[in-house]
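Residue 214 in the numbering used here is what sits at position 53 of the sequence shown, and the numbering runs on without skipping anything.
Glycine included, every Cβ here is placed at the ideal spot set by N, Cα and C.
Everything numeric in this text was worked out from a predicted model, so none of it was measured.
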Amino acid sequence: MGRIVLLAPGEHIKKQGEKLRETLENKDNLEIRISHMEAAVWQARGMDKKQVDVLIARGDTARLLKESGLPFPVVDIGITDDSIVQCIMKAEEISGAEEPSIGIVGMETFIERVKSFFKILRSKVTLYEAQSGSNIQEMVNKAKRDGVKVLIGGDLVCRYAKAAGLKCVMTGTTYELVEKAYNSALDLQHSIEIERKKAEEMNTIFNTVTDAIISLNEEGRITTMNKRAENILDKAGITYQGQPVERLFGEEKSKLIWEAMEKGRSNNGITVDIQEKNYAMNIVPIRVDGKNKGVIVTLSSVYELQKMETKIRKGMYLKGNTADYTFADIKGRSEAFNHTINLAKTFAPLQSSVLIIGQTGTGKEMFAQSIHNSSDRRDGPFVAVNCGSIPDNLIESELFGYVDGAFTGAKKGGKMGLFELAHNGTIFLDEISEMNLQGQVRLLRVIQEQQIRRIGSDMVIPVNVRIIAACNTNLKQMVEEHRFRKDLYYRLSVLVLQLPELKKDRGM
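Below, the structure written as structure tokens:
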């Protein structure tokens, strides 16, 4: 973290700053230097951006600093209307004349400010606008030649006025104004620190992700790349800075990048060879206010992706959370069977819950797995649960999980529920008719809210799960007999698949 620097034009403001610094808990945060106009700009140019956060100055010095393209924000101490009036009244007083001749010397900002008082001034006041700090003395001498007896201006004006034998009233800056400017600078400093921290975090993320990231501007030239990209290219990123995209990816692949940029659409999964290795390239356009401002290109090692996919799938197989069957594995010959297959295929791409009704042995889970494998959730888990095999007192803990110490005998560290395991995939609730009423209530809430709460926890966990339920009984009759919740039945039976009997409809 840097510090705040007060560039005081003279001793008066310097003393106010020193008085303020004595009240600060962190006195090192405020540095005070005497510097004025162009000299202040020259001094600021030599400051280290890592050591200085904000500059404080007054009037035209502040204006010059702001216009000089410095990397620091500038806070203007300012001058109040009341202080200007007080200066004019004091000049009248010390002149000793009934019609005093008063001159005001300053840069453009201060002179324009004073002009607003002309209508209420009783005395004759002449304005002398200096073009720079170097010709303030010239303006003081001109005022003397014009017969001005009292000058009003800053510290430098008063020094030249005294040397010329003129009386002078210094435009004062109160302690309150210096304090107010410092507090404004402090707010800016805090904002800078927050932005600096965010930038450092983003830079850390940028350089630690496993993908190579390359940024291109709207002209198709490389602006930045992370360490991973440098490693892949086997060159320092600066080598490619400002170079056209064609130099990096060649004409053919570069056309795809230009196409994504011009159309404003992502182009993903492109294979590209770099240094005799295969990479998957994703192109994402950068759009600001509806206009193309470049693209972000990411490169993922195909070998690493395959290795990761194998690892994930292996872990899923060990847990049994996969679907092995597709519609091609389900055999049958009757017209009713073919109709059922076609109906199930139409259900597959939808996101709604499916209720499969069929006698034991008709292949309810095979249909459920086939629906899963034909949906956009095919790469997600398929979690099969036999509700009839789970004791009533364990159904909630199995489906929704529990936290450490939730109940006697709970596994240390808690346990993830089956709904969490099925996140971004499908959960198959076989023998749903066997679920007790308490479990039905919890299941209904999960369907409605798309989130679960582990037993013993006060935290909710969002889940994205498609439910396929199955039963071999008349579930609607169970609803009429009040053995199954009506609201849950309608939630589960958005899509209903009635499987044919084996002997009657499969030609067996």
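Going by beta carbon distance, what residues of the same chain come within less than 6 angstroms of aspartate 372, once the five residues before and after it are set aside? By one-based count along the sequence shown, residue 372 stands at place 211. If we look at aspartate 372 and ignore the five residues flanking it on each side, its Cβ neighbours are Thr459, Ser461.
What would DSSP say about aspartate 553, mapped onto helix, strand or coil? Position 392 of the sequence shown holds residue 553. If DSSP states are grouped into helix, strand and coil, aspartate 553 belongs with the helices.
Going straight from the alpha carbon of glycine 207 to that of valine 213, what length do you get? Here the question's residue 207 lines up with position 46 in the sequence shown. Here the question's residue 213 lines up with position 52 in the sequence shown. Answer to the nearest angstrom: the Cα atoms are 11 angstroms apart.
Status (buried if at least 16 other CB within 10 Å, exposed otherwise) for glutamate 592: One-based indexing of the sequence shown puts residue 592 at position 431. By the 10 Å Cβ count, glutamate 592 comes out buried.
List the DSSP bridge partners of tyrosine 719. Residue 719 is absent from the model: the chain starts at 162 and stops at 669.
Please name the residue in Leu417, Ile608, Met386, Phe543 whose C-alpha comes closest to that of glycine 403. By one-based count along the sequence shown, residue 403 stands at place 242. Residue nearest to glycine 403 within the set Leu417, Ile608, Met386, Phe543 is Met386 (criterion: CA-CA distance).
Drop a sphere of 10 angstroms on the beta-carbon of aspartate 619, count the other beta-carbons inside from all chains shown, and report buried for 16 or more, exposed for fewer. Stepping through the sequence shown from its first residue, residue 619 is reached at position 458. Under this definition aspartate 619 is an exposed residue.
Tell me glycine 586's beta-bridge partners as DSSP assigns them. Reading the sequence shown from its first residue, position 425 is the one you call residue 586. Answer is Val626, bridged to glycine 586.
Cα-Cα separation between isoleucine 165 and arginine 219, rounded to whole angstroms: By 1-based counting over the sequence shown, the position of residue 165 is 4. By 1-based counting over the sequence shown, the position of residue 219 is 58. One C-alpha to the other measures close to 14 angstroms.
Host alpha helix (DSSP H) of phenylalanine 528 (start-end): Locating residue 528 in the sequence shown gives position 367, counting from the first residue. Phenylalanine 528 -> alpha helix (DSSP H) spans 525-534.
Any chain C beta carbon closer than 8 angstroms to valine 456: Absence of chain C from the displayed structure is noted, only one protein chain being present.
Contact set for leucine 660: own chain, Cβ-Cβ below 8 angstroms, skip 5 residues either direction: Mapped onto the sequence shown, residue 660 falls at position 499. Cβ neighbours of leucine 660 beyond the five flanking positions: Thr501, Ile517, Ile518, Gly519, Gln520, Thr523, Gly524, Lys525, Phe528.
At which residues does the alpha helix (DSSP H) containing isoleucine 353 begin and terminate? The residue you call residue 353 lines up with position 192 of the sequence shown. First-last of the alpha helix (DSSP H) with isoleucine 353: 336-369.
Per-residue DSSP class, three states only, for lysine 506: Numbered from its first residue, the sequence shown carries residue 506 at position 345. Helix, per DSSP.
Taking the CB atoms as reference points, tell me whether phenylalanine 561 and isoleucine 616 lie closer together than 8 angstroms. In the sequence shown, counting from the first residue as 1, residue 561 sits at position 400. In the sequence shown, counting from the first residue as 1, residue 616 sits at position 455. Cβ atoms of phenylalanine 561 and isoleucine 616: closer than 8 angstroms.
Expressed to the nearest angstrom, what Euclidean distance is found between the alpha-carbon atoms of isoleucine 353 and lysine 227? Taking the first residue of the sequence shown as 1, we reach residue 353 at position 192. Taking the first residue of the sequence shown as 1, we reach residue 227 at position 66. If you take the alpha carbons of isoleucine 353 and lysine 227, they lie about 17 angstroms apart.
Going by the beta-carbon positions, is the gap between arginine 539 and isoleucine 608 smaller than 8 angstroms? As a working mapping, residue 539 is identified with position 378 in the sequence shown. As a working mapping, residue 608 is identified with position 447 in the sequence shown. No, the Cβ-Cβ distance between arginine 539 and isoleucine 608 is not below 8 angstroms.
Are the stretch 576-593 and the stretch 552-568 touching by the rule of at least three beta carbon pairs closer than 8 angstroms? Contact holds: three or more Cβ-Cβ distances are below 8 angstroms.
Helix, strand or coil: which one does DSSP assign to alanine 567? Taking the sequence shown and counting its residues from 1, one reaches residue 567 at position 406. DSSP places alanine 567 in coil when its eight states are reduced to three.
Alpha carbon to alpha carbon, what distance is there between lysine 388 and asparagine 625? On the sequence shown, residue 625 is found 464 positions in, with the first residue counted as 1. On the sequence shown, residue 388 is found 227 positions in, with the first residue counted as 1. Their backbone Cα atoms lie some 35 angstroms apart in a straight line.
Please classify serine 531: is it buried, with 16 or more other beta-carbons within 10 angstroms of its beta-carbon, or exposed? Taking the sequence shown and counting its residues from 1, one reaches residue 531 at position 370. By the 10 Å Cβ count, serine 531 comes out buried.
Can you have a look at phenylalanine 508 and say buried or exposed, based on whether 16 or more other CB atoms are within 10 angstroms of its CB? As a first step, residue 508 must be located in the sequence shown, where it is residue number 347. Around the beta carbon of phenylalanine 508, a 10 Å sphere encloses 16 or more other beta carbons of the protein chains shown; the residue is thus reported as buried.
For isoleucine 355, is the classification buried or exposed, using 16 other Cβ atoms within 10 angstroms of its Cβ as the cut-off for buried? For the purposes of this step, residue 355 is taken as the residue at position 194 of the sequence shown. Its Cβ having fewer than 16 others within 10 Å, isoleucine 355 is exposed.
Suppose you measure from the CA of glycine 455 to the CA of valine 449; what does that come to, to the nearest Å? Working through the sequence shown from its first residue, we reach residue 455 at position 294. Working through the sequence shown from its first residue, we reach residue 449 at position 288. Going from the Cα of glycine 455 to the Cα of valine 449 covers about 10 angstroms.
Helix or strand or just coil, what does DSSP make of aspartate 189? Position 28 of the sequence shown, counting from 1, holds the residue named residue 189. If DSSP states are grouped into helix, strand and coil, aspartate 189 belongs with the helices.
Identify the residues that DSSP records as bridge partners of tyrosine 651: which are they? Within the sequence shown, residue 651 is the residue found at index 490, counting from 1. In the DSSP secondary-structure assignment, tyrosine 651 is not bridged to any residue.
Quick check: valine 406 and isoleucine 393, are their CB atoms within less than 8 angstroms of each other? Within the sequence shown, residue 406 is the residue found at index 245, counting from 1. Within the sequence shown, residue 393 is the residue found at index 232, counting from 1. Note that the C-beta distance between valine 406 and isoleucine 393 is not below 8 angstroms.
Three-state class that DSSP yields for lysine 475 in the structure shown: The residue given as residue 475 occupies position 314 in the sequence shown. In this predicted model, lysine 475 has a pLDDT of only 48, less than 50, meaning its place in the structure is not dependable; the value taken from the coordinates is given anyway. The answer is helix: DSSP assigns lysine 475 an H, G or I state.
In this structure, does DSSP put aspartate 214 in helix, strand or coil? Taking the first residue of the sequence shown as position 1, residue 214 is located at position 53. Aspartate 214: strand per DSSP, three-state reduction.
Might you give, ordered along the chain, the residues of its own chain that have their beta carbon closer than 8 angstroms to the beta carbon of alanine 325, omitting 5 neighbours on each side? Counted from its first residue, the sequence shown places residue 325 at position 164. The residues are Val301, Asn302, Lys305.
Where does tyrosine 289 sit, in a helix, a strand or coil, going by DSSP? Walking along the sequence shown from the start, residue 289 turns up at place 128. Tyrosine 289 falls in the strand class under three-state DSSP.
Compare the C-alpha of valine 266 against each of Val286, Glu260, Ala489, Lys180 and name the closest. For the purposes of this step, residue 266 is identified with residue 105 of the sequence shown, where counting begins at 1. It is Val286 whose Cα lies nearest to the Cα of valine 266.
In terms of alpha-carbon separation, which member of Phe271, Gly566, Ser295, Leu649 lies closest to alanine 201? If you number the sequence shown from 1, residue 201 lands on position 40. Closest by alpha carbon: Ser295.
Would you list the residues sitting across from lysine 576 in a DSSP beta bridge? Translated into positions along the sequence shown, residue 576 becomes position 415. Lysine 576 pairs with Tyr563.
Can you name the start and end residues of the beta strand (DSSP E) that threonine 222 belongs to? Reading the sequence shown from its first residue, position 61 is the one you call residue 222. Unbroken run through threonine 222 is the alpha helix (DSSP H), 220-228; no beta strand (DSSP E).
Taking C-alpha atoms, which residue in Gly264, Met268, Leu317 lies nearest to valine 309? On the sequence shown, position 148 is the one that residue 309 refers to. Of Gly264, Met268, Leu317, the residue nearest in Cα terms is Gly264.
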